[in-house]
Each structure stands twice: as C-alpha cells, then as structure tokens.
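Participant: Pasting a structure below so you can have a look.
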Amino acid sequence: MPERDHDHSVERLLRRVLSDDVTRLQGECVDGETLAAWTEGSLRAADAAAVERHVADCARCRALMASFVRTTPPVPVAETLWRRWHLAWAVPLATAATAVAIWVALPDNGAAPLTPAQETNTLARDERSESPSSAPATESVPAPASPPASATAIRPQEEKAKLAESTNNETRQRTDRSASREFADLQAPAAASPVPQAEASPPAAPAPPAASVAAPTPAAAAAERGEADSKKEVAANSGLAPLAAARRAFAPNQIVAADGTTRWRIVSGQQVERSTNAGANWTPATITSTDALSAAAAPSAIVCWIVGARGAVFVTTDGTRFVRVPFPEIIDLTSVSATDALTATVSSADGRSWRTTDQGKTWSSGR
Amino acid sequence: MSSWRPSDSAVTHLYQQSRADRWSLPVAVFAAALERSARKVFVTPPEPRDLERLLGSLHLEDLALACACASGHEGAWEHFVREHRPVLYRAADAIDPTGGSRELADSLYGELFGLVERIGERRSLLSYFHGRSSLSTWLRAVLAQRHVDRVRSTRRFEPLPEAEATPSARSEERPQPQSRISEYVQLMRRTVTAAISRLPAKDRLRLGYYYAEDLTLAQIGRALGEHEATVSRNLAKARREIRTDVERQLRDEERMNPSQIDECFEAVVEDVGSLDVSDLLGAASDSPDSSGRPGSRRKDSRDKRSKERPEGASA
Numbered sequence: 004m005p006e007r008d009h010d011h012s013v014e015r016l017l018r019r020v021l022s023d024d025v026t027r028l029q030g031e032c033v034d035g036e037t038l039a040a041w042t043e044g045s046l047r048a049a050d051a052a053a054v055e056r057h058v059a060d061c062a063r064c065r066a067l068m069a070s071f072v073r074t075t076p077p078v079p080v081a082e083t084l085w086r087r088w089h090l091a092w093a094v095p096l097a098t099a100a101t102a103v104a105i106w107v108a109l110p111d112n113g114a115a116p117l118t119p120a121q122e123t124n125t126l127a128r129d130e131r132s133e134s135p136s137s138a139p140a141t142e143s144v145p146a147p148a149s150p151p152a153s154a155t156a157i158r159p160q161e162e163k164a165k166l167a168e169s170t171n172n173e174t175r176q177r178t179d180r181s182a183s184r185e186f187a188d189l190q191a192p193a194a195a196s197p198v199p200q201a202e203a204s205p206p207a208a209p210a211p212p213a214a215s216v217a218a219p220t221p222a223a224a225a226a227e228r229g230e231a232d233s234k235k236e237v238a239a240n241s242g243l244a245p246l247a248a249a250r251r252a253f254a255p256n257q258i259v260a261a262d263g264t265t266r267w268r269i270v271s272g273q274q275v276e277r278s279t280n281a282g283a284n285w286t287p288a289t290i291t292s293t294d295a296l297s298a299a300a301a302p303s304a305i306v307c308w309i310v311g312a313r314g315a316v317f318v319t320t321d322g323t324r325f326v327r328v329p330f331p332e333i334i335d336l337t338s339v340s341a342t343d344a345l346t347a348t349v350s351s352a353d354g355r356s357w358r359t360t361d362q363g364k365t366w367s368s369g370r
Numbered sequence: 027m028s029s030w031r032p033s034d035s036a037v038t039h040l041y042q043q044s045r046a047d048r049w050s051l052p053v054a055v056f057a058a059a060l061e062r063s064a065r066k067v068f069v070t071p072p073e074p075r076d077l078e079r080l081l082g083s084l085h086l087e088d089l090a091l092a093c094a095c096a097s098g099h100e101g102a103w104e105h106f107v108r109e110h111r112p113v114l115y116r117a118a119d120a121i122d123p124t125g126g127s128r129e130l131a132d133s134l135y136g137e138l139f140g141l142v143e144r145i146g147e148r149r150s151l152l153s154y155f156h157g158r159s160s161l162s163t164w165l166r167a168v169l170a171q172r173h174v175d176r177v178r179s180t181r182r183f184e185p186l187p188e189a190e191a192t193p194s195a196r197s198e199e200r201p202q203p204q205s206r207i208s209e210y211v212q213l214m215r216r217t218v219t220a221a222i223s224r225l226p227a228k229d230r231l232r233l234g235y236y237y238a239e240d241l242t243l244a245q246i247g248r249a250l251g252e253h254e255a256t257v258s259r260n261l262a263k264a265r266r267e268i269r270t271d272v273e274r275q276l277r278d279e280e281r282m283n284p285s286q287i288d289e290c291f292e293a294v295v296e297d298v299g300s301l302d303v304s305d306l307l308g309a310a311s312d313s314p315d316s317s318g319r320p321g322s323r324r325k326d327s328r329d330k331r332s333k334e335r336p337e338g339a340s341a
C-alpha cells in the first residue's frame, strides 16, 4: 500500500478521533476571561502553558477557542520571508549588505546628532558595561539608522540556523510532496498568494527599520538621511560589515525625545531607564515585560513607545510608567515610529507593519 | 507586606492613568476593582512588586469604563454603546452568519446592563471584567463561551463509545472480513490516539482546530500567530509523525508484518459504514441551523474540501 494511502487513512482517523467529544486532561475548563487574557498574552508563562495544554485536549475548550477565532477580525499574517526557499539565498546577502550600509551611514559616536522625535530607533541591549557616570551629555547618541546595525549584527547566526532549517524543511517537503497531496494543494495557494508587504520589501529582516526611517520625518532628518543614503552606496562594496556590526551590537543606544534632553534606554533587555538631563542621570521607568524589548520611539518628553518580542508594545504618557498596548499578533517587533501618544507604526522582522491611531485599541496592517 | 490591596499612592496613579475621572468614578470603587483583579490572579497575597507589575499591565481605561458602566454612569454607557456594543454584534454574526447568535448577544448585553439578577441583586456582568485583556476581546470571548456552552447543552447525540478491548492481530483465529475490518479500525483508532497524545500540545491544538473544528488555515494561523503556510507545514509534519508512530506501533507492539499493516490502513478506508454513522450523527444534530450548532457548516466545509481535492482522503 503506497505511503500516500497510509496518509489518507491517517487523515480519516484524525477526523474521527479528534472529533470525539473527549476531554483527556483533568483540569479546569477555560472561561471567557481567561481565554481573552490568554489570547492577548497577558497570562503568566506557566498559566499560559497550562491553558494551552488544556485546550489541546479538551473538546469543549477547543470549540470555545474555535468560536472565538471566528470572531477575530482577519489580519494578514505574512510568512516569514526566510521560509521561502526561493528567496532564502537572499537572506545572508541582504543582511550583510544592510549591515555594511548601516555601518557606513552611521556617524561616529561623538558626532551623531540628536534623533528627531518622529524617527524610528532600535535600542541595542545595554550590557551595563558603562557606569551611569559614563553617559554624560556628550555621550554618543545613535543615528536613526543604528537599529538595524544591532539587529543584523546579533542575528546572522540565528538567521543561518533558520535558513538551514527552512531549507531542510523545504527539501523534505518537496520530497514528500507526492505523499502529501492535500497539504501540497493547500500550501500552493498560500505560497503563491501575494503577500504585498513582504513582496515589496527588501528580502531581509533588517528591512522594516530602514523602511520606517524613510517614513515622514522632519526636513533635517530627511537631509541627514540623504547623506546617509549616499554613504550607503559607497558602503556597498566596502566589505567591513562583520566588524562594524559587531562593534555596533554592543554600543549602548538611547532614544532621545524632541526636547533633546529627555532620553530612554533599554537595559537588560526588559527594563527601561529614563534620563531628563541628557543622560547624566538615569532613573528606572516602570514597565512590566516578560518579552525582550528591542526598539523605541519618543515623540515628546513624556511619550515613548517601546516594542519587543512576541507582539510586545508599550507606551508611556507620563514618561515613567509604561502600559502594555494590545497587539493582534504574537510576532517579534523590531521597530516603531510614533508621532504622539495615540499614533504609532510598528514593524516586524519580516517586513510587515501595523499602524494605530488610538493607542492600540485598533490596528490596521499596511506597509 | 503582602496584600491584594494596592497602596493609596498606587491607586491614585493608576486612577489617573485609567482616566476614570471622565466617568466621575469614585476612587474607592476603582480601588476595589483593582483588588478584585489582583485576587483573580493571585491565590495568595502577592508581594508588592508582583502586585505592581500586575496592576501596571491591566487595561486600566477599559477597567475604569467597565466599573463606571456597572455603576450606571450614563456617559460611560454611551461610550460603551458607541465603541463596544458593535463589537458584540459583529462577533455574534461571525460566530453564526445566519443570525443564530444575535439572541445570545442580546442576552449578553442585557446581563452587561445588569438586567439579570445575580444572587438576589441586579449586578452588571461588567463587574466581572478584570482588565486582563481589552474589553472588546473579553466581550468576544464571553460571547464565544456562551455560544459553545449553549451548543453543548443542546447536544442530542454523543459519539459512539470506543471499544476498550481491542483484539490483537496476533489472535490465532482469523476473524470474518467485516469483523476484521472493524477490529482493525478499532486498533487504528487506538494507535492514532496514542500517537496524538505523544505530540506537543501546540501540534495537538493545531490538529484539533483543523480536523475537529474545521477552522481554515488562516483562522488557525490567527489563533496561533502563524502564517497559514506555516500552519500547513506544521500540520503536514504532525500528520507524518502520527503515521510513522502508528506504523511503528503496529510493527513493534502488535508484531504485524508489512502486509498486515497495509491491511490495517486499508480497513480504515473500507470502513464506510461507521463513517456514515459518524457523519449522520453530525448532520442530524447539526441540521437545524437555528439551533446554533456549527456542525452543518463543518460538514459543508468538509464536503467543500473533498471537492477541492480530487484525490482527497475522504473518498
């Protein structure tokens, strides 16, 4: 009996076995409130894992979740770009090219101008290698394009691993395609369907920050960007990316508000500190994040947006206390730009972006 | 000192953040809501730092709105009706496009308004909102819960009990063809169930969404935060693992030879009778759409899938 016939038999059995109204797990069923908190990622990790285990084995709770999903407004989820085998070759190439471009585009630490409020900034993790006193007013301030540098510098190995895994998966998948006709059929439209955000973006993870830097910004920033662009062209052939990226990865970055003296920085990945005297002194801000924070944008001296892994979005409107903003996707966010406390655009590593104009109550997806 | 009650200064700060003054909500009422939320999350009194983290992560504006509505503030209700009531009805229409869930939404709205007596007093359902999610997500989840519980309470058919004792293929007597098919099918159900139980929870969830709940790949992706092509890939992978596991069980535990293993898989395809019973159960219990059961849609979508796949498994 051919393998594919075994697959067909397994499918028939799966429908029957899984449709049995059986709860195999002892445990409390999920109520609406817990389900809502779970889907928004508000549960503690252990509680969330327990809910997932329960829902996986409880027919009633699985049906509840299915009903809930049907009420969820569709938000297109683009496949991670490096998962596409035909674009996989471009990942290391684009990563290296972007790293080179960013390294050259960045001025040296001492010469960097203050970041305009509307610019997007990604903060490298503060390694606490410098004491607070080493962050005086003359301390380096990253240029807008610095975030991708840290991002790309940190990720090459990770991306290679993902690429290898992806390639293996795709190879296995192609080998197995004759035996998996159903899923091949299902995948074909999905793979072929246009994913506008991803298609139009440069084929690499660092694309979003670069794209959001190009978002509407003050004229000064535009001029600066123009200069940076010309440097990028020069940089394309320099071949200095690895060293530069490594150097940038450990540089403590800050986000500077429009007034030039108020700054925030991410420390230890999940904590945030604020300075109101251009970095001379830092005080901890209140933020409750279990996910790694990666980028921030400060449109004013008291408003700052921060994004991170697994759809983490925070905003403060008093400068010190960050509150979690609901976000529709569980996806790693890598950049944010904001114009005020209500309006912000966040981007994920695979090139998609979402915009809110009501402080996260609703999000619209777009480029 | 461990306590569920936040400090006065914390309450004041959170109150400002929640913009509860828009609804003239008394601080004491808001503080009581914060304490309720803390009690919901922490079984024992939390450390001040844990309490602060929790309260800082709450959807404070929504919590203040819910408190104000539960207290009967007119302006808060106007805001709720404008911003959140449409969410409720859109969700009802999404759960049952034929309008079967509208009645549920109306009933839920009545409870939100406090029209239903609870333990001798009229209390708004909104007083059970703890701010751990946004109010709109909470509303959709509560409506989904009502829908599923209603469907299950009106279920008229239960699945056929699974045979506990499954004769082994090593049985010396060769059974008659029809009974042999039936026995093989039971054996296959047992091995597939065992194989499923060995998968990670997320894989089991994905399979359940797809095969039992008939969610589309896009819907599953939405639930799990994955792209639909990733969902498809993961489903295919899980199915391969199950097949391999079943084959291993038949070979190693049931001591079957390749030809017997093939017979087992064939038996599942040949076992048309019990499949019909299963489908009939689904169709019969689902046929009146007004009952709100999702099964008729399920059967339709299954048929659709079969049509979409000329070589589909459900031949």
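Here the protein sequences come in this chain order: A and B. For the first sequence, the positions run 4 to 370 when the numbering used here is used. For the second sequence, the positions run 27 to 341 when the numbering used here is used. Note that beta-carbon positions come from the ideal geometry of N, C-alpha and C, so glycine has one too. From a predicted model like this one, the values you see are computed outputs, not experimental measurements.
In its own chain, which residues sit with a C-beta less than 6 Å from the C-beta of glutamate 276 of chain A, not counting the 5 before and 5 after it?
Facilitator: Locating residue 276 of chain A in the first sequence gives position 273, where the first residue counts as 1. Result list for glutamate 276 of chain A: Arg268, Val270, Trp285, Pro287, in chain order.
Participant: So the candidates are A/Ile305, A/Phe325, A/Leu296, A/Val318; which of them puts its Cα closest to the Cα of threonine 360 of chain A?
Facilitator: Numbered from 1 along the first sequence, position 357 holds the residue referred to as residue 360 of chain A. The residue with the shortest Cα to Cα distance from threonine 360 of chain A is A/Val318.
Participant: Leaving out five residues before and five after leucine 151 of chain B in sequence, what residues of the same chain have Cβ atoms less than 6 Å from its Cβ?
Facilitator: Numbered from 1 along the second sequence, position 125 holds the residue referred to as residue 151 of chain B. Only Glu137, Leu138 meet the Cβ criterion.
Participant: Just reading off the alpha helix (DSSP H) that threonine 163 of chain B is part of, what are its end residues?
Facilitator: Locating residue 163 of chain B in the second sequence gives position 137, where the first residue counts as 1. Its alpha helix (DSSP H) spans residues 161 to 179.
Participant: Anything in the region 313 to 335 of chain A with a Cβ closer than 9 Å to a Cβ of chain B? List those residues in chain order, please.
Facilitator: For the region 313 to 335 of chain A, which is checked against every Cβ of chain B, the residues closer than 9 Å are Arg313, Gly314, Thr320, Asp321, Arg324, Phe325, Val326, Arg327, Pro329, Pro331, Glu332, Ile333, Ile334.
Participant: Any beta carbon from chain A within less than 9 Å of phenylalanine 106 of chain B's own beta carbon?
Facilitator: In the second sequence, residue 106 of chain B corresponds to position 80, counting from 1. Chain A contact via Cβ: absent.
Participant: Is it buried or exposed, glycine 101 of chain B, if we count other Cβ atoms within 10 angstroms and call 16 or more buried?
Facilitator: Looking up residue 101 of chain B in the second sequence gives position 75. Answer is exposed; the Cβ neighbour count stays below 16.
Participant: Name the chain A residues whose beta carbon is nearer than 8 Å to that of isoleucine 121 of chain B?
Facilitator: Counting from one through the second sequence, the residue named residue 121 of chain B turns up at place 95. Simply Ser70, Arg73, Thr74.
Participant: Rounding to the nearest angstrom, what Cα-Cα distance links serine 367 of chain A and threonine 42 of chain A in this structure?
Facilitator: For this step, residue 367 of chain A is matched to residue 364 along the first sequence. For this step, residue 42 of chain A is matched to residue 39 along the first sequence. If you take the alpha carbons of serine 367 of chain A and threonine 42 of chain A, they lie about 18 Å apart.
Participant: Would you kindly work out how many angstroms separate the C-alpha atoms of cysteine 32 of chain A and valine 58 of chain A, rounded to a whole number?
Facilitator: Reading the first sequence from its first residue, position 29 is the one you call residue 32 of chain A. Reading the first sequence from its first residue, position 55 is the one you call residue 58 of chain A. So the alpha carbons of these two residues sit roughly 8 Å apart.
Participant: Determine the direct distance from the alpha carbon of serine 208 of chain B to that of valine 272 of chain B, and round the result to whole angstroms.
Facilitator: Position 246 of the second sequence, counting from 1, holds the residue named residue 272 of chain B. Position 182 of the second sequence, counting from 1, holds the residue named residue 208 of chain B. About 17 Å.
Participant: Is threonine 291 of chain A helix, strand or coil when you go by DSSP?
Facilitator: Along the first sequence, read from residue 1 onward, the residue named residue 291 of chain A stands at position 288. Looking at threonine 291 of chain A - three-state DSSP - the assignment turns out to be coil, as it is neither helix nor strand.
Participant: Are the beta-carbon atoms belonging to glycine 140 of chain B and alanine 96 of chain B less than 9 Å from one another?
Facilitator: Against the second sequence, residue 140 of chain B aligns to sequence position 114. Against the second sequence, residue 96 of chain B aligns to sequence position 70. The answer is yes: Cβ separation under 9 Å.
Participant: Any heavy atom of the ligand NAP closer than 8 Å to the beta-carbon of serine 208 of chain B?
Facilitator: This structure simply doesn't include the ligand NAP, nor any ligand for that matter.
Participant: The region 285 to 296 of chain A: which residues have C-beta closer than 7 Å to a C-beta of chain B, in chain order?
Facilitator: Cβ contacts with chain B: Thr289, Thr291.
Participant: Please compile the residues from chain B whose C-beta is within a distance smaller than 9 Å of the C-beta of arginine 277 of chain A.
Facilitator: To locate residue 277 of chain A, count along the first sequence from 1; it is residue 274. None at all; the shortest Cβ gap to chain B is about 15 Å.
Participant: State buried or exposed for threonine 124 of chain B, treating a residue as buried only when at least 16 other CB atoms are found within 10 Å of its CB.
Facilitator: Taking the first residue of the second sequence as 1, we reach residue 124 of chain B at position 98. Per the 10 Å Cβ criterion, exposed.
Participant: With H, G and I counted as helix, E and B as strand and the rest as coil, what does DSSP make of alanine 167 of chain A?
Facilitator: Locating residue 167 of chain A in the first sequence gives position 164, where the first residue counts as 1. With a pLDDT of 42 at alanine 167 of chain A, under the threshold of 50, the modelled position of that residue is not reliable, and the figure given next carries that caveat. Helix.
Participant: Checking contacts by CB at 9 Å: is arginine 116 of chain B closer than that to chain A?
Facilitator: Taking the second sequence and counting its residues from 1, the one referred to as residue 116 of chain B is at position 90. Chain A, which has a Cβ nearer than 9 Å to the Cβ of arginine 116 of chain B, makes this yes.
Participant: Going by alpha carbons, who is nearest to leucine 261 of chain B out of B/Ile222, B/Arg274, B/Leu276?
Facilitator: By 1-based counting over the second sequence, the position of residue 261 of chain B is 235. The shortest C-alpha separation from leucine 261 of chain B is found at B/Ile222.
Participant: Note down, in chain order, every chain A residue with its Cβ under 8 Å from the Cβ of tryptophan 164 of chain B.
Facilitator: In the second sequence, the residue the question calls residue 164 of chain B occupies position 138. By Cβ distance, chain A contributes Gly35, Glu36, Ala39.
Participant: Using a beta-carbon distance below 9 Å, is valine 270 of chain A in contact with chain B?
Facilitator: Taking the first residue of the first sequence as position 1, residue 270 of chain A is located at position 267. It does not: the Cβ of valine 270 of chain A has no partner Cβ on chain B nearer than 9 Å.
Participant: Taking the runs of the alpha helix (DSSP H) that are 4 residues or longer, which of them lie wholly in the region 30 to 59 of chain B?
Facilitator: List check, alpha helix (DSSP H) in window: 34 to 44.
Participant: Relative to the C-alpha of arginine 149 of chain B, which candidate in B/Asp240, B/Arg48, B/Leu134 has its C-alpha closest?
Facilitator: Counting from 1 along the second sequence, the entry for residue 149 of chain B is found at position 123. For arginine 149 of chain B, the nearest C-alpha among the options comes from B/Leu134.
Participant: Whole alpha helix (DSSP H) runs in the region 83 to 158 of chain B with 4 or more residues, listed along the chain?
Facilitator: Counting only runs of 4 or more, we get 86 to 96, 100 to 109, 111 to 121, 128 to 139.
Participant: For alanine 100 of chain A, which residues in chain B fall below 8 Å Cβ to Cβ?
Facilitator: What you label residue 100 of chain A is simply residue 97 of the first sequence in a count that begins at 1. Within 8 Å Cβ-Cβ: nothing; alanine 100 of chain A doesn't reach chain B, min ~25 Å.
Participant: Taking the beta carbon of threonine 37 of chain A as the centre, do at least 16 other beta carbons fall within 10 Å, making it buried, or is it exposed?
Facilitator: Working through the first sequence from its first residue, we reach residue 37 of chain A at position 34. With 16 or more Cβ atoms within 10 Å of its Cβ, threonine 37 of chain A is classed as buried.
Participant: Hey, how far is the Cα of aspartate 278 of chain B from the Cα of isoleucine 309 of chain A?
Facilitator: Numbered from its first residue, the second sequence carries residue 278 of chain B at position 252. Numbered from its first residue, the first sequence carries residue 309 of chain A at position 306. Cα to Cα, the separation comes out at about 54 Å.
Participant: Of all the options A/Ile333, A/Ala304, A/Thr293, which has the alpha carbon lying nearest to the alpha carbon of glutamine 273 of chain A?
Facilitator: Here residue 273 of chain A refers to the residue found at position 270 of the first sequence. The residue with the shortest Cα to Cα distance from glutamine 273 of chain A is A/Thr293.
Participant: Once the 5 residues before and after valine 306 of chain A are set aside, which same chain residues still bring their CB inside 6 Å of it?
Facilitator: Numbered from its first residue, the first sequence carries residue 306 of chain A at position 303. Cβ neighbours of valine 306 of chain A beyond the five flanking positions: Thr320, Ala344.
Participant: In terms of residues, what are the limits of the alpha helix (DSSP H) holding cysteine 307 of chain A?
Facilitator: Taking the first residue of the first sequence as position 1, residue 307 of chain A is located at position 304. That residue, cysteine 307 of chain A, is in no alpha helix (DSSP H); its beta strand (DSSP E) goes 307 to 311.
Participant: Using the beta-carbon of each residue, which ones in chain B are nearer than 8 Å to arginine 65 of chain A?
Facilitator: The residue given as residue 65 of chain A occupies position 62 in the first sequence. What arginine 65 of chain A touches in chain B: Leu231, Gly234, Tyr235, Ala238, Glu239.
Participant: Anything in chain A within Cβ reach of threonine 219 of chain B, meaning under 8 Å, just list it in chain order.
Facilitator: Locating residue 219 of chain B in the second sequence gives position 193, counting from the first residue. Neighbours of threonine 219 of chain B on chain A, chain order: Val20.
Participant: Chain B partners of alanine 59 of chain A, CB-CB under 7 Å?
Facilitator: On the first sequence, residue 59 of chain A is found 56 positions in, with the first residue counted as 1. Here the neighbours are Ala227, Arg230, Leu231, Gly234.
Participant: So which residues of chain A does phenylalanine 291 of chain B contact, with C-beta pairs closer than 7 Å?
Facilitator: Your numbering for residue 291 of chain B matches position 265 in the second sequence. Within 7 Å Cβ-Cβ: Met4, Asp8, His9, Ser12.
Participant: Just tell me which of B/Val294, B/Ser159, B/Asp132, B/Pro112 has its CA closest to the CA of valine 326 of chain A.
Facilitator: Taking the first sequence and counting its residues from 1, the one referred to as residue 326 of chain A is at position 323. It is B/Ser159.
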